[in-house]
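*Asks:*
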Amino acid sequence: MTPQLEIQLIASVTAAACALVGAFLVLRKTALLSDAISHAILPGIVLAFFHTENLNSPLLLVAAAVTGVLTVGAIEALGRTRLVKQDAAIALVFPALFSIGVVLISRYASGVHLDIDAVLLGDPAFSWIQRFEVGGWDLGPQSLWLMGTVLVLVAAFVGLFYKELKISTFDAALAGALGLAPAAVHYALMTLVSVVAVGAFDVVGSILVVGLMIAPPAAAWLLTDRLPVLLGLSVALGVASAVSGYWMARLFDVSIAGAMAVMAGVLFALCFAFAPHRGLVAQARRRARQRVAFAERMLLVHLLHHEHTPEADRECRVSHLQEHLHWAPALASRAVRAAERGGAVRRSGDRLALTDDGRTAAQRAMVG
Amino acid sequence: MIELDYTLRTVALGAAVLGLSSGSLGAFAVLRGQSLLGDAISHAALPGVALAFLLTASKAPLVLVVGAGLAGWVGTLCVSAIVERSRVPYDAALGIVLSVFFGLGMVLLTYIQAQPDASQAGLDTFLFGQAAALVGRDVVTMAVLGAVALVAMLVFWKEFKILLFDPDFAASQGFPVRALDVGLTTLLVVAIVIGLQTVGVVLMSALIVAPAAAARQWTDRLWGVVALAGLFGALSGAAGALLSSATARIPTGPTIVLVATAVVGVSLLLAPGRGLVAAWALGIRNRRVLRVAGTLEDLYTLALAHEDVHYPHPAATLQTMTARPEAVGPTLDRLQKQGLVEPRDDAWALTPRGLAEARRLARTRADEHDPAHLGVEVEGPTP
Numbered sequence: 000m001t002p003q004l005e006i007q008l009i010a011s012v013t014a015a016a017c018a019l020v021g022a023f024l025v026l027r028k029t030a031l032l033s034d035a036i037s038h039a040i041l042p043g044i045v046l047a048f049f050h051t052e053n054l055n056s057p058l059l060l061v062a063a064a065v066t067g068v069l070t071v072g073a074i075e076a077l078g079r080t081r082l083v084k085q086d087a088a089i090a091l092v093f094p095a096l097f098s099i100g101v102v103l104i105s106r107y108a109s110g111v112h113l114d115i116d117a118v119l120l121g122d123p124a125f126s127w128i129q130r131f132e133v134g135g136w137d138l139g140p141q142s143l144w145l146m147g148t149v150l151v152l153v154a155a156f157v158g159l160f161y162k163e164l165k166i167s168t169f170d171a172a173l174a175g176a177l178g179l180a181p182a183a184v185h186y187a188l189m190t191l192v193s194v195v196a197v198g199a200f201d202v203v204g205s206i207l208v209v210g211l212m213i214a215p216p217a218a219a220w221l222l223t224d225r226l227p228v229l230l231g232l233s234v235a236l237g238v239a240s241a242v243s244g245y246w247m248a249r250l251f252d253v254s255i256a257g258a259m260a261v262m263a264g265v266l267f268a269l270c271f272a273f274a275p276h277r278g279l280v281a282q283a284r285r286r287a288r289q290r291v292a293f294a295e296r297m298l299l300v301h302l303l304h305h306e307h308t309p310e311a312d313r314e315c316r317v318s319h320l321q322e323h324l325h326w327a328p329a330l331a332s333r334a335v336r337a338a339e340r341g342g343a344v345r346r347s348g349d350r351l352a353l354t355d356d357g358r359t360a361a362q363r364a365m366v367g
Numbered sequence: 000m001i002e003l004d005y006t007l008r009t010v011a012l013g014a015a016v017l018g019l020s021s022g023s024l025g026a027f028a029v030l031r032g033q034s035l036l037g038d039a040i041s042h043a044a045l046p047g048v049a050l051a052f053l054l055t056a057s058k059a060p061l062v063l064v065v066g067a068g069l070a071g072w073v074g075t076l077c078v079s080a081i082v083e084r085s086r087v088p089y090d091a092a093l094g095i096v097l098s099v100f101f102g103l104g105m106v107l108l109t110y111i112q113a114q115p116d117a118s119q120a121g122l123d124t125f126l127f128g129q130a131a132a133l134v135g136r137d138v139v140t141m142a143v144l145g146a147v148a149l150v151a152m153l154v155f156w157k158e159f160k161i162l163l164f165d166p167d168f169a170a171s172q173g174f175p176v177r178a179l180d181v182g183l184t185t186l187l188v189v190a191i192v193i194g195l196q197t198v199g200v201v202l203m204s205a206l207i208v209a210p211a212a213a214a215r216q217w218t219d220r221l222w223g224v225v226a227l228a229g230l231f232g233a234l235s236g237a238a239g240a241l242l243s244s245a246t247a248r249i250p251t252g253p254t255i256v257l258v259a260t261a262v263v264g265v266s267l268l269l270a271p272g273r274g275l276v277a278a279w280a281l282g283i284r285n286r287r288v289l290r291v292a293g294t295l296e297d298l299y300t301l302a303l304a305h306e307d308v309h310y311p312h313p314a315a316t317l318q319t320m321t322a323r324p325e326a327v328g329p330t331l332d333r334l335q336k337q338g339l340v341e342p343r344d345d346a347w348a349l350t351p352r353g354l355a356e357a358r359r360l361a362r363t364r365a366d367e368h369d370p371a372h373l374g375v376e377v378e379g380p381t382p
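Protein chains in written order, with numbering that gives the first Met the number 0: chain E, 0 to 367; chain Z, 0 to 382.
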């Protein structure tokens with residue numbers, strides 16, 4: 000395999016793992032716990048690193064998982080005192096822990112391969128260099144094995160506890176009543192978020208982990224209402240962000256991790272704008288259609304009102320509608336055309352007349 | 000030596016200015032439940048710094064700060080657009096803006112780095128902040144921006160206050176709620192960009208939230224929270240800057256954040272009334288008062304079964320009547336000190352005052368539970 004392919008694979012596997020746990024964070028409206036965890040695990044990682052002197056040691060995963068769970072526990076304990084709101088609790092806990100991590104690094108780790116830039120920013124470009132070798136056989140990059148294991152772990156968790164995750168996500172009270180231990184599911188999920196975050200920080204850094212965890216699932220949520228589809232789409236969008244980000248970075252010679260986040264943002268923006276049913280364009284078209292439909296009903300009622308009256312000849316002219324109903328010319332002509340197309344109105348010259356269908360429709364509009 | 004002192008003074012002054020503005024303006028954000036908006040804004044500011052440099056080729060603090068501010072502001076607009084126009088929740092919208100803008104910032108910074116004629120040196124201090132790099136003109140820029148934001152806050156004090164506590168009422172009174180909301184957010188953006196060079200985008204959000212969260216514990220009044228938050232912020236900034244310069248290899252930003260966090264911790268524990276220690280002490284006192292009243296009432300209930308309301312009963316009998324038998328002894332001692340019970344023949348009896356107090360308690364309890372307060376006279380059982 001070429002380094003180029005390996006980097007894309009590592010990035011894709013990372014993005015897939017992020018998207019899979021992230022989907023549940025987004026649905027549970029706890030998206031920013033990913034931000035808190037990915038920063039707050041730093042002191043745990045640093046201490047484990049001091050112990051092992053190896054950035055790819057599994058102990059780092061364990062330390063990160065423990066620190067992540069402690070962080071979430073601390074945030075919830077602080078929120079439970081009711082002295083600060085939940086979001087303030089998040090904003091108090093993770094910068095403090097992150098600061099401790101930074102102080103530890105700057106004071107005791109200067110000169111080793113663990114600087115703040117690496118933790119925060121990561122860089123997939125170098126992720127393939129450390130090889131996983133068994134008996135002289137090169138089995139591929141260490142990062143790929145690490146993130147692959149994490150991805151399998153996450154997928155296994157989601158597969159095994161799918162029912163628990165689903166019910167506790169959409170109805171925590173029901174989950175509790177069914178004896179599904181929503182608190183345990185919550186902490187298990189947070190443990191996984193921590194594991195994914197520490198696995199990914201080497202590749203994309205702790206801030207962009209947040210993007211890969213939130214943006215693809217949020218985009219997927221605009222496309223579907225079904226959980227299995229949402230999970231699949233999240234992973235697909237995550238992988239798409241990773242691969243397109245890689246090529247964008249190649250094209251402009253810029254940070255790969257940054258480009259991945261930008262592409263995740265671009266894909267989200269595309270879904271936000273063009274998603275069928277929920278996108279901005281679909282919303283705007285629906286509103287326009289409703290406006291014309293409403294205008295058409297108004298027109299029919301107006302015509303019915305003036306039918307067989309002395310002023311009918313004047314009131315039932317297209318040119319008069321704009322004046323009488325204060326319609327913009329475009330809306331007036333669209334309403335008239337819609338009414339004609341629906342067979343509610345007949346037009347002779349500038350004069351409009353209701354058909355039988357139109358009369359019935361107008362009467363119905365006035366009643367209901 | 001004089002040089003060092005000058006630098007140190009500059010840095011400490013700059014950090015204090017930043018703490019003052021982020022603390023007092025952050026108070027509004029925290030009280031409005033927008034604590035994490037600061038996090039999103041500060042990350043979103045990064046591409047603005049890079050773009051400002053790309054477009055003007057200047058590293059003047061004002062140019063970069065204006066770029067940061069515009070980008071942070073666009074970030075908040077994106078957040079509200081996403082929240083208003085889709086079902087993506089607020090926190091996910093913050094997260095998306097936060098990391099996508101930050102990613103764009105990284106892309107632009109690496110792009111600048113790759114240009115042969117332009118050096119990005121100095122721009123990446125915005126990532127983690129570099130207080131030591133502050134010079135006099137940075138502090139002047141920070142102070143001027145901070146002063147403008149604070150004056151704007153004072154000028155629109157009444158409007159912001161009503162927006163904060165009752166936006167619906169504000170709208171019904173014809174206040175331009177939308178414009179005020181944008182205005183307040185803009186001031187928050189200003190407070191954030193002031194601090195970026197000192198503590199960096201990653202930790203800036205802490206200085207928005209921590210001073211306000213600390214101040215909130217000490218007072219219930221808005222001006223009190225804002226003023227105290229400004230004071231706490233300024234103190235944390237100055238103290239953090241001095242501490243980090245006094246210790247080798249401790250970066251300034253994290254130190255300021257840790258000092259601010261310590262202020263929060265002390266406030267959460269010690270603030271009178273709201274603080275955890277005060278709440279804990281109140282809990283103990285309440286439980287003790289309840290136990291005293293309970294024991295007195297138990298003694299009264301037992302006494303009612305006898306001809307003599309002052310009939311003594313052993314402590315062991317009382318212990319069978321309560322959930323916490325081990326507390327009966329100390330409680331009886333306390334009652335004896337108050338002259339409500341007296342020991343007699345290895346047992347305890349109500350004194351006349353104790354009897355009066357027990358009757359009063361029984362009546363109060365009856366009032367609480369029975370429809371007695373509807374006018375029905377409750378006769379206490381008489382001997």
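Backbone N, C-alpha and C define an ideal beta-carbon position, used for all residues, glycine too.
For F174(Z), return the contacting residues in chain E, with the cut-off set at a CB-CB distance below 8 Å.
*Replies:* As a working mapping, residue 174(Z) is identified with position 175 in the second sequence. By Cβ distance, chain E contributes nothing, its closest Cβ being about 24 Å from F174(Z), past 8 Å.
*Asks:* At the level of alpha carbons, what is the spacing between I207(Z) and L186(Z)?
*Replies:* Here residue 207(Z) refers to the residue found at position 208 when the second sequence is read from its first residue. Here residue 186(Z) refers to the residue found at position 187 when the second sequence is read from its first residue. For I207(Z) and L186(Z), the distance between alpha carbons rounds to 12 Å.
*Asks:* Give me the Cα-Cα distance between R106(E) and S98(E), rounded to the nearest whole angstrom.
*Replies:* Walking along the first sequence from the start, residue 106(E) turns up at place 107. Walking along the first sequence from the start, residue 98(E) turns up at place 99. For R106(E) and S98(E), the distance between alpha carbons rounds to 12 Å.
*Asks:* Straight-line CA distance for L63(Z) to F52(Z)?
*Replies:* Within the second sequence, numbered from 1, the residue matching residue 63(Z) stands at position 64. Within the second sequence, numbered from 1, the residue matching residue 52(Z) stands at position 53. Going by the C-alpha atoms only, they are around 7 Å apart.
*Asks:* Under 9 Å between C-beta atoms, does V25(E) make it to chain Z?
*Replies:* Residue numbering aside, residue 25(E) sits at position 26 when the first sequence is read from its first letter. With 9 Å as the cut-off, V25(E) counts as an interface residue toward chain Z.
*Asks:* Would you check if the distance between the CB atom of M141(Z) and the CB atom of G252(Z) is smaller than 9 Å?
*Replies:* The residue you call residue 141(Z) lines up with position 142 of the second sequence. The residue you call residue 252(Z) lines up with position 253 of the second sequence. Not a contact, by the Cβ cut-off of 9 Å.
*Asks:* Which chain Z residues sit within Cβ distance under 8 Å of Q282(E)?
*Replies:* The count along the first sequence starts at 1 and reaches residue 282(E) at position 283. Within 8 Å Cβ-Cβ: R84.
*Asks:* Cα-Cα, which of L103(Z), A59(Z) and V10(Z) is closest to L207(E)?
*Replies:* On the first sequence, residue 207(E) is found 208 positions in, with the first residue counted as 1. Cα-wise, what sits closest to L207(E) is L103(Z).
*Asks:* Taking C-beta to C-beta, are P271(Z) and W217(Z) nearer than 9 Å?
*Replies:* As a working mapping, residue 271(Z) is identified with position 272 in the second sequence. As a working mapping, residue 217(Z) is identified with position 218 in the second sequence. Yes.
*Asks:* Could you tell me which chain E residues have their CB closer than 8 Å to the CB of D90(Z), listed as they occur along the chain?
*Replies:* Taking the second sequence and counting its residues from 1, the one referred to as residue 90(Z) is at position 91. Per Cβ cutoff of 8 Å: K28, T29, A30, L31 and D86.
*Asks:* So the candidates are V201(Z), K336(Z), D219(Z) and I81(Z); which of them puts its Cα closest to the Cα of F101(Z)?
*Replies:* Here residue 101(Z) is taken as the residue at index 102 of the second sequence, counted from 1. When each option's Cα is compared against that of F101(Z), the closest is V201(Z).
*Asks:* In chain order, which continuous runs of the beta strand (DSSP E) of length 3 or greater are located wholly inside the stretch 20 to 76 of chain Z?
*Replies:* Whole beta strand (DSSP E) segments, 3+ residues: zero.
*Asks:* Whole angstroms is fine: what's the gap from T9(Z)'s alpha carbon to L17(Z)'s?
*Replies:* One-based indexing of the second sequence puts residue 9(Z) at position 10. One-based indexing of the second sequence puts residue 17(Z) at position 18. Answer to the nearest angstrom: the Cα atoms are 12 Å apart.
*Asks:* Considering just the uninterrupted stretch of the beta strand (DSSP E) at E383(E), what are its terminal residues?
*Replies:* Coverage of chain E is limited to positions 0 through 367, which leaves residue 383(E) absent and any answer about it impossible.
*Asks:* Tell me whether H305(Z) sits in a helix, a strand or coil according to DSSP, three-state version.
*Replies:* Taking the second sequence and counting its residues from 1, the one referred to as residue 305(Z) is at position 306. DSSP places H305(Z) in coil when its eight states are reduced to three.
*Asks:* Taking only three categories from DSSP, how would you classify S240(E)?
*Replies:* In the first sequence, residue 240(E) corresponds to position 241, counting from 1. Looking at S240(E) - three-state DSSP - the assignment turns out to be helix.
*Asks:* Which chain Z residues are close to S254(E), counting only those with a beta carbon under 7 Å from its beta carbon?
*Replies:* Walking along the first sequence from the start, residue 254(E) turns up at place 255. Simply M105, V106 and T109.
*Asks:* Determine the extent of the alpha helix (DSSP H) in which R346(E) is found, giving its start and end residues.
*Replies:* Translated into the one-based positions of the first sequence, residue 346(E) becomes position 347. Taken as a continuous stretch (DSSP letters only), R346(E) belongs to no alpha helix (DSSP H), being part of the beta strand (DSSP E) at V344 to S347.
*Asks:* Please state whether the Cβ-Cβ distance between G66(Z) and L76(Z) is less than 9 Å.
*Replies:* Here the question's residue 66(Z) lines up with position 67 in the second sequence. Here the question's residue 76(Z) lines up with position 77 in the second sequence. No.
*Asks:* Taking contact to mean at least 3 C-beta pairs separated by less than 8 Å, is the stretch 66 to 73 of chain E in contact with the stretch 186 to 199 of chain E?
*Replies:* The stretch 66 to 73 of chain E vs the stretch 186 to 199 of chain E: in contact.
*Asks:* With a threshold of 9 Å between beta-carbons, can V208(Z) be considered close to chain E, or not?
*Replies:* Taking the second sequence and counting its residues from 1, one reaches residue 208(Z) at position 209. Judged by the 9 Å Cβ criterion, V208(Z) is in contact with chain E.
*Asks:* Quick check: the Cα distance between L35(Z) and V48(Z), rounded to an integer number of angstroms?
*Replies:* The residue you call residue 35(Z) lines up with position 36 of the second sequence. The residue you call residue 48(Z) lines up with position 49 of the second sequence. When rounded, the distance between both Cα atoms is 21 Å.
*Asks:* Does any residue of chain Z have a CB that is nearer than 9 Å to the CB of L91(E)?
*Replies:* Locating residue 91(E) in the first sequence gives position 92, counting from the first residue. It does: the Cβ of L91(E) has a partner Cβ on chain Z nearer than 9 Å.
*Asks:* Contact defined as beta carbons within less than 8 Å: I believe R290(Z) pairs with A326(Z). What is the distance between those atoms, to the nearest angstrom?
*Replies:* Looking up residue 290(Z) in the second sequence gives position 291. Looking up residue 326(Z) in the second sequence gives position 327. So it is a contact: roughly 5 Å between Cβ atoms.
*Asks:* Cβ closer than 7 Å: which chain E residues qualify as neighbours of V263(Z)?
*Replies:* Here the question's residue 263(Z) lines up with position 264 in the second sequence. Simply L91.
*Asks:* Excluding the 5 residues preceding and the 5 following V78(Z) in the sequence, name in chain order all residues of the same chain whose CB lies nearer than 7 Å to its CB.
*Replies:* Within the second sequence, numbered from 1, the residue matching residue 78(Z) stands at position 79. Excluding positions up to five away in sequence, the list reads A39, A92, L93 and V96.
*Asks:* Would you please verify whether the beta carbon of H38(E) is less than 9 Å from any beta carbon of chain Z?
*Replies:* The residue labelled residue 38(E) in the question sits at position 39 within the first sequence. It does: the Cβ of H38(E) has a partner Cβ on chain Z nearer than 9 Å.
*Asks:* How long is the line joining the alpha carbons of V150(Z) and V138(Z), rounded to whole angstroms?
*Replies:* The residue given as residue 150(Z) occupies position 151 in the second sequence. The residue given as residue 138(Z) occupies position 139 in the second sequence. If you take the alpha carbons of V150(Z) and V138(Z), they lie about 18 Å apart.
*Asks:* Can you find a CB in chain Z that lies within less than 9 Å of the CB of V344(E)?
*Replies:* For the purposes of this step, residue 344(E) is taken as residue 345 along the first sequence, with counting starting at 1. Chain Z, which has no Cβ nearer than 9 Å to the Cβ of V344(E), makes this no.
*Asks:* Report the residue from R86(Z), S171(Z), T184(Z) and P60(Z) whose alpha carbon sits nearest the alpha carbon of M152(Z).
*Replies:* One-based indexing of the second sequence puts residue 152(Z) at position 153. Among R86(Z), S171(Z), T184(Z) and P60(Z), the Cα nearest to that of M152(Z) is on T184(Z).
*Asks:* Between the stretch 144 to 157 of chain Z and chain E, which residues of the former have a C-beta closer than 7 Å to a C-beta of the latter?
*Replies:* Within the stretch 144 to 157 of chain Z, no residue qualifies.
*Asks:* Expressed to the nearest angstrom, what Euclidean distance is found between the alpha-carbon atoms of R288(E) and L279(E)?
*Replies:* Locating residue 288(E) in the first sequence gives position 289, where the first residue counts as 1. Locating residue 279(E) in the first sequence gives position 280, where the first residue counts as 1. Looking at the two C-alpha atoms, the distance is approximately 14 Å.
*Asks:* Where do the N-terminal and C-terminal ends of the alpha helix (DSSP H) with D332(Z) fall, by residue?
*Replies:* Counting from 1 along the second sequence, the entry for residue 332(Z) is found at position 333. Counting along the chain, the alpha helix (DSSP H) containing D332(Z) begins and ends at V327 to K336.
*Asks:* Please confirm whether L12(Z) has its beta-carbon closer than 9 Å to some beta-carbon of chain E.
*Replies:* On the second sequence, residue 12(Z) is found 13 positions in, with the first residue counted as 1. So, not an interface residue.
*Asks:* Since I249(Z) meets chain B, which of its residues come closer than 8 Å, beta carbon to beta carbon?
*Replies:* In the structure shown, chain B cannot be found, because the protein chains are E and Z.
*Asks:* Counting only Cβ-Cβ distances shorter than 7 Å, please list the residues of the stretch 68 to 81 of chain Z near chain E, keeping chain order.
*Replies:* Flagged, chain order: I81.
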